[in-house]
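Only one structure is covered here, and it is reproduced in the block below.
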Amino acid sequence: MILPELGHWALILAFGIAILLATVPLIGAWLGDRLWMGVARPFAVAQMLMISAAFAALSLSFLTDDFSVKYVAGNSNTLLPWYYKLSAVWGGHEGSLLLWALILSGWTLAVALLSRSLPEEMVARVLGVMGIVNVGFLSFILFTSNPFLRLLTNTPTDGGDLNPLLQDIGLIMHPPLLYMGYVGFSVAFAFAIAALLGGQLDAAWARWSRPWTTVAWAFLTVGIALGSWWAYYELGWGGWWFWDPVENASLMPWLAGTALMHSLAVTEKRGLFKSWTVLLAIFAFSLSLLGTFLVRSGILTSVHAFAADPARGEFVLMLLLITIGGSLTLYALRAPAVKSRISFSERSRETFMLVNNIILVVATLTVLGGTLFPLAAEYFGKEVSVGAPYFNLMFMVLAPALVIFLGVGLSSQWKDTRPGVLLKQVPLLAVVSVPVAFVIPLWMGELTFSAVLGMFLASWLIMATVRDVQHKCGSRGWRVGWLKTTRSFKGMVLGHLGLAVLIIGATLVSNYTVEKDVRMTPGDAHTLGDWVFRFDKMDHLQGPNYLSDQGHFTVETTEGKVVGQLHPEKRRYVVSGNMMTEAGIMAGLWRDLYISLGEKLPGDEVWAVRLHVKPFVRWLWLGGLLMALGGTLAVMDKRYRFRRSKPAPQPEVSSSDASSAALPGETS
Amino acid sequence: MMAAWLMRAAAMQLMRVGLILGFTLALSVHAAVEVYDFTSDEGYARYQSLTYELRCPKCQNQNIADSNADIAKDLRREVHRLIEEGQSDDQIVDYMVTRYGDFVRYKPPFNTATLILWVGPAVLALCGVGGLFWLGRRRRQRQIPNETSLSQDEQARLDDLLSDHESKK
Amino acid sequence: MMRRLVLFVPLVLFAVMALLFKVMIGHDPTELDLARKGQALPDFTLTDLQNPEQRWTQADLLGKPYLLNVWATWCPSCRAEHPVLVDLAQREGVRIVGLNYKDDRAAAQQWLVKLGDPYALTLFDEEGRFGLDLGVYGAPETYVVDAQGTLLYRHVGVVTQDVWRNTLAPLLNGPAGGSQ
C-alpha cells in the first residue's frame, strides 16, 4: 500500500497551496490587482481538496489496520470496532492536528463560497489571513508531527490500542465540535485583520463577521458541554467541571467569544466600540491558539494533556509569536484611535453591554491568570497549585455581576433609557426573584448562601427575558407577537434562557448532591436520600477488547417502588492493561442516580461503591444546548440570507426600529 | 494490588521516556472509592471537602478524592485519621503543606507571593470601571462644539470613514 | 497620544506571557520541590530491614553526611538504579542509608541478597508513615542529608552516574558535608 505516501504528498501539496493562498491574494489586495485577488477562492477550494485527501488516506490506514504507519500502530488495534478505528484518527496528537487543519480548510472554503456579496479586496484579505494560519498549522504537522511516518523495520503485528477513555461516543464527537469552535473564531479573526489591513472598520465589517462568530461560538458551546458530559459519565468521579488547564483552555475562548458576539452586535447596530471589537476578535482566536500550545507543549500538568514534547512546544510558541504577536502589533499600529461621535447615555443598552463585555474579559483574564500562575510562580522558585476552590470563588463574584447587569441591560433601550423605565423594571425583577431565591433552596433541603444566590440570579435572568419578550410583543399579544419577532431575537431569548438553565443546574447540583462511599456485598441495600440502592449480584464478563466486572443494582424509592436497574462496571483493557470504571447512571430531568464501582475489598465479592444522587445535573448540558440552539437560530435570521440586496447598515439606528433586530444580547 | 502497582509504575516510567503517544490520561483513571467510618456526619463532610481541596502530589492534576494513586490513598487515610483525632481543617492542611509544600493546596494561601492572584481580578475590574468613567467623561466633553481632541490626521480618517458610510447608503 | 499608547498594552502583556513560556518550556511540571529543604530530618523510630529487633531513630544517623535512598521491590525504576548505588557504595565508599518503603520484608531481604546491598543500613517503613513525613511521593527518591541531619536536596527518579557526579556528589561533599 502506498496510501500513507499519497496522504503525505497531498499534505505537502496542501502546504504549497496554503503558502500561495497566504501570499498572492494579500499582495493582490495591496496592489489592487483583481487577478491576484481573484485566485483566493480557487486556492481555498484546492487546499480543502488536498487536505481532505490526506485525511481520507489516514482514515483508510486506520480502517485497514496498516500498522506500518507509526501513528496507526500507536493509536489503534485490530480488536477495535470500526467506528473507534475511525475516531482514533484524531485520538492522538498528530491526527488531531490534521483534523484541525481539515476544519480550518473547511471554514476557509465556507468563507470562499458564501462571500459573494463582499468586496473583492475584503475576500482576498480574509482568505489570505486564513491561509497564513493554515500555513502555520500545516508546517507544524509536516515538520514536527507527521502522522504518515512509517515504521520501516519492526512493523508490529498489532497496534498499541486507542486509549480506552477515548473509546466512547462522547469522545468521537467532542474534538471535532471543539475544533469547529476554536477554528471557527479564525474567521472573525481574519475579518478583523483584513479590516485593520484595509483600514475599514465599519458597521458592514461587523455585520459580515457576526454570523461566523455566532456559528463558531455555538459549536464551541456544544463541544464544551459534550466534554463536560463525557467527563461526568466516563471518569467515574461524578464531577462535571474540574478547572483543569485543558478545560480552562476551552473556556477562555468561549468567554472571549461570548464577549465578541455581543460587542459585534453593538458595533453593527450602533457603530460603536470598533476598536474594542477588533481586539476581542484577535483575543478570542489567540486564546484558541494558546489552548493548543498549553495542551501540546507539556508546559502545564493536566489530566488530559497530550504527551509532553518541548520541541513541539517550541514550534507552537513560534506560531503564537507570529500570529498573535503579529496581529497585536498590527492592532496597536492601525486600530482606530478616533472615537466615534455617536452618543449614548449611561443608562443605554450600549453601556450595559459594555459593562458585561468588561466582566466577561475580566473573567477570561482571571481564568488565564489562574491557569498560568503556577507557571510564573515556578519561575520564581515557588510551587503553587491553583484549582477549583480558587476559580469557584472568583466565579461566585463574577457570574452574579454578569447576570445582574444582563438583566438590567435587557430592561433598557438603545441610546438612552428614560430613568423612570429602569426604576420601574429593575425593582420588579427583584420583587419576583427574592422569594424564588428562598423557596427553591428550602424545597430542595438546606438553605445555603450559594443556593440562594444562584436561584436569585436564574430567576432574575428569566424575568428580565420574559419582560423583554413582553415589551417586544407589545399590544399584539404573546402568541402573535412572538411569531412576529425576528429569528435573531428568538435566538437571543433562547440563549439567555439557556444561561439561566445552566445556572439552575450548576447551583442545585453543587449544593444538593448527596454521595456516599459504602462497602457492599450482593444482597446489601443502602439508603441515600429518598432512594434505596440494592446490590443484586456481580457478573464477570468479557467484552470485545476488555474484561469486565459488572455490578447489578436495583434502585427503589423508600416506599419500595422499583425505579430501575444500574450496571456500573470496572473494565480491564487487555492490550494496554488499563483499568477503567464505567459508571452506572440513571439519567433524569430532576436528578441522576449514579453508581461507580471502586476497589474489590478483602472478602468474597465485597466492593467499595460510591453512590450519588445528583439533582438537576442534566440542566447543565441542557442549558449549554439551549445556548447553542439560540446561536443557531440567530444566524438563520433573514437579513443574513439576503445579503446581496441589503445595504450596509447605517451606524445610527433609531431605538424603535424593529426591522433590524438582532442576535444574543440585543433587542430593539 | 501489587500487580496494579507494578503496571502503574511501569507506565509512569514509559511516560518519562516518552514512549506513550497521545493522551497520557490512560494511567488508570478509575474511581477511587474507599470506605472510612466516621464518628460524626460532620467529620465525613469535612473529609469530602478536604480531599476535594488537596492535590495529589504524584498525579497529573487531580485532587486526592478522585485519584487512585497510592500516595493519594495514603493521604486520604491521613486525612481520615487526623479528622478522627479531632484536628481542625487548618491543622490538617498545615500537616500536608509541611510535607509536600503549597503544591498540595488547590486553594493557594493568601500572601505576598500570591497577592496578584487574589487581587488581580479585582484590579482588572476596577480598571474596567475606571475606563468606563473615563469614556463617559470624554464623551460629555465632546458634546462641547469646538472639538480640539482630534488631530488633523484623525479628523481626516474619521471623515473618510463617515463618507464611506455615506456612499453605501 | 495616550490613547495610542493604550493600544500597545495587549501586545506588551502578550510579550511578557510569551517570554514566560520561552523560559519555562521543557521544564518538568510534575517534579515536586522538597518541602522540608533546609529542615531537620523528621522524627522516626523504625526497625532495621534485616533485623526486626533493631530500632533506629534519626539520632543514630547523625555525624556523617549520607544519601537516603527510598526504594521498594515493587518499583521497576529502583531495580534500574540499584547497580549504580552498589557501585557508588563499593567503589566510592558513599554512605547510603536505605529506606524500604511500603514493602514486604521478606521480598526486600531477598532483593538485597540477589542484587547486592549498597546500604550502610536499611530502615523498614512498612506503612509508609516516615515516607509521608519526609514528603515521599513515589519511588525511587534520593535525599541528601548532612552530618547534622539537615535535608539538603531530593532527587526524584533514577540515580545515574551523571546525577551523582553533577548533583548529588557536590552537595554531599559540600562545605557542610566534609569529606566522604
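Chains as they are written, first to last, in our numbering: chain A, 1 to 668; chain B, 669 to 837; chain C, 838 to 1017. The beta-carbon is built from N, C-alpha and C at its ideal position, and this holds for glycine as well. Computed from a predicted structure; not experimentally measured.
Apart from sequence neighbours up to five positions away, the residues of its chain that approach Ser-459 of chain A with a beta-carbon distance below 6 Å are Ser-433, Val-436, ordered along the chain. Ranking A:Met-463, A:Gly-630, A:Ala-281, A:Leu-196 by CA distance to the CA of Pro-427 of chain A puts A:Met-463 first. Secondary structure at Trp-240 of chain A: coil, using DSSP grouped into helix, strand and coil. Within chain B, the residues placing a beta-carbon under 8 Å from that of Gly-370 of chain A are Leu-785, ordered along the chain.
Counted as a single uninterrupted DSSP element, the beta strand (DSSP E) harbouring Arg-991 of chain C occupies residues 988–993. Counting of Cβ neighbours within 10 angstroms places Ile-169 of chain A among the exposed residues, the total staying below 16. Residue contact with chain B for Pro-389 of chain A: present (Cβ-Cβ distance below 8 Å to some residue of chain B).
In the DSSP assignment, Leu-611 of chain A is bridged to A:Lys-516, A:Ile-595.
Contact annotation, Leu-904 of chain C with Leu-1005 of chain C: C-beta distance approximately 7 Å; criterion of less than 8 Å satisfied. Residues are counted here when their Cβ sits less than 8 Å from a Cβ of chain C; for the segment 755–785 of chain B these are Val-765, Thr-766, Arg-767, Tyr-768, Gly-769, Phe-771, given in chain order. A straight line joining the alpha-carbon of Leu-871 of chain C with that of Val-973 of chain C spans about 9 Å. The beta carbons of Tyr-182 of chain A and Ser-288 of chain A sit closer together than 8 Å. For Val-907 of chain C, the enclosing beta strand (DSSP E) starts and ends at 903–908.
The CB of Leu-869 of chain C comes closer than 9 Å to the CB of Glu-383 in chain A, given here in chain order. Not flagged as an interface residue toward chain A: Pro-902 of chain C, since no C-beta distance is shorter than 8 Å. Between Phe-62 of chain A and Ala-88 of chain A, the CB-CB gap stays under 8 Å. Counting along the chain, Leu-958 of chain C sits inside no alpha helix (DSSP H); it lies in the beta strand (DSSP E) bounded by residues 958–962. With 16 or more neighbouring CB atoms inside 10 Å of its own CB, Ala-451 of chain A falls in the buried class.
The residues Met-444, Gly-445, Pro-615, in chain order, have a CB closer than 7 Å to that of Tyr-512 of chain A in the same chain once the five nearest residues on each side in sequence are set aside. Legend: CB atoms of the segment 734–755 of chain B lying less than 7 Å from CB atoms of chain C belong to residues Ile-739, Asp-742, Glu-746. In the three-state DSSP reduction, Val-123 of chain A falls in the helix class (H, G or I). Checking the DSSP bridge columns, you'll see Asp-539 of chain A partnered with A:Gln-550.
Pro-789 of chain B does not reach chain C, its nearest Cβ partner there being about 15 Å away, counting only Cβ pairs nearer than 9 Å.
For Thr-292 of chain A, the uninterrupted alpha helix (DSSP H) run begins and ends at 274–297, by DSSP.
The alpha carbon of Ser-548 of chain A has as its nearest neighbour, out of A:Lys-561, A:Phe-533, A:His-567, the alpha carbon of A:His-567.
The beta carbon of Ser-105 of chain A sits closer than 7 Å to those of Gln-47, Met-48, Ile-51, Asn-134, all from its chain and outside the five residues before and after it, given in chain order.
Against chain A, the CB of Leu-792 of chain B has a partner CB under 8 Å away; the residue lies at that interface. The beta-bridge partner set that DSSP reports for Ile-933 of chain C consists of C:Leu-904. The Cβ atoms of Val-386 of chain A and Leu-743 of chain B lie no closer than 8 Å to each other. Only buried fits His-174 of chain A, as 16 or more other CB atoms lie within 10 angstroms of its CB. The residue among A:Leu-3, A:Ala-195, A:Leu-294 with its C-alpha nearest the C-alpha of Ala-124 of chain A is A:Ala-195. Between Ser-250 of chain A and Gly-271 of chain A, the beta carbon gap of about 32 Å keeps them out of contact (Cβ cut-off 8 Å).
By the beta-carbon neighbour count (other beta carbons within 10 angstroms, threshold 16), Tyr-83 of chain A is exposed.
Within the same chain, and ignoring the five residues on either side of Ser-275 of chain A in sequence, the residues whose Cβ sits closer than 7 Å to its Cβ are Ala-335, Pro-336. Counting only the Cα atoms, Leu-255 of chain A lies some 11 Å from Ile-358 of chain A. Annotated as proximal: Leu-857 of chain C and Tyr-379 of chain A, with beta-carbon spacing under 8 Å.
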